[in-house]
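**Student:** Dumping the structure here so I can ask a few things about it.
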Amino acid sequence: MSAFDFSPLFRSGVGFDRLATVLEHLSTTTPADSYPPSDILKTGENAYRIVVALAGWSADELALTAHPNLLVVQGRKAAEEKAQYLHHGLSARSFERRFELADFVFVDRASLENGLLTIDLKRELPEAMKPQRIEILSGGANPRLEEHQAGEKQAA
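Okay, structure coming up:
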């Protein structure tokens, strides 16, 4: 059970089920491991960038998987011959980092350069989701409502 009740936040909203689920999930889970370190930047109005520090990793040791509303970055080091380290400061442990993505955000491209994995994200709203100006009719009946009702009568 959650320590917080988010229901008052959604009294005046319609269709925010996913937001409620995300808030609930964030309030009940323990803090995630912060390895490897990362930055999240807003690079434009509908553009974002995730930069993950991965010194010593190659592209073939990494996997980037996009799920609906979730981006997963995984790293698995290949078995390496035993070396005698005097100091071993570079981490070679396997990892999995998860990034929650908002609706309509997808991976545009990813690159690994100079030990930094750069993931560019874009937010593209479908045409039906973009703001539209609604005509307000004054006086008389609503012609669209009358067309809809006439269609229902013909179907019956």
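Residue numbers (UniProt numbering): 1 to 156.
Beta carbons are placed, not taken as given, at the ideal position from N, Cα and C, and that holds for glycine.
Return the CA-CA distance between Ile119 and Pro68, expressed in angstroms with no decimal places.
**Tutor:** Within the sequence shown, the letter at position 119 stands for residue 119. Within the sequence shown, the letter at position 68 stands for residue 68. Distance between the alpha carbons of Ile119 and Pro68 is about 16 Å.
**Student:** Between Met1 and Glu100, what straight-line distance do the alpha-carbon atoms span, to the nearest angstrom?
**Tutor:** Position 1 of the sequence shown, counting from 1, holds the residue named residue 1. Position 100 of the sequence shown, counting from 1, holds the residue named residue 100. Annotation note: pLDDT 49 at Met1 (below 50); position unreliable, coordinate value reported separately. The alpha-carbon atoms of Met1 and Glu100 are separated by roughly 22 Å.
**Student:** Restricting to Cα atoms, I'd like to know which of Asp39, Ala128, Glu96, Asn114 is closest to Leu70.
**Tutor:** For the purposes of this step, residue 70 is taken as residue 70 along the sequence shown, with counting starting at 1. If we check each option's Cα against that of Leu70, Glu96 comes out closest.
**Student:** Per DSSP, Ser111 forms a beta bridge with which residues?
**Tutor:** Counting from one through the sequence shown, the residue named residue 111 turns up at place 111. Beta-bridge pairing links Ser111 to Thr118.
**Student:** Provide the residue(s) that pair with Tyr48 in DSSP beta bridges, ordered along the chain.
**Tutor:** Taking the first residue of the sequence shown as position 1, residue 48 is located at position 48. Its beta-bridge partners are Lys42, Leu121.
**Student:** Given Ala63, which residues of its chain have a CB within under 7 Å of its CB, disregarding the five upstream and five downstream residues?
**Tutor:** Here the question's residue 63 lines up with position 63 in the sequence shown. Closer than 7 Å at Cβ, skipping near neighbours: Gln74.
**Student:** Would you report the Cα separation of Ser91 and Asp103, rounded to the nearest angstrom?
**Tutor:** Numbered from 1 along the sequence shown, position 91 holds the residue referred to as residue 91. Numbered from 1 along the sequence shown, position 103 holds the residue referred to as residue 103. Their Cα atoms are separated by approximately 33 Å.
**Student:** Looking at Leu117: is its Cβ nearer than 7 Å to the Cβ of Leu41?
**Tutor:** Sequence index remark: in the sequence shown, residue 117 carries index 117 (1-based). Sequence index remark: in the sequence shown, residue 41 carries index 41 (1-based). No; because the gap between Cβ atoms is not below 7 Å, this pair is not in contact.
**Student:** Excluding the 5 residues flanking Ala66 on each side, which residues of the same chain have their C-beta closer than 6 Å to its C-beta?
**Tutor:** Numbered from its first residue, the sequence shown carries residue 66 at position 66. Cβ neighbours of Ala66 beyond the five flanking positions: Val107.
**Student:** From which residue to which residue does the beta strand (DSSP E) around Glu80 run?
**Tutor:** In the sequence shown, the residue the question calls residue 80 occupies position 80. Here Glu80 belongs to no beta strand (DSSP E), and DSSP marks it neither H nor E.
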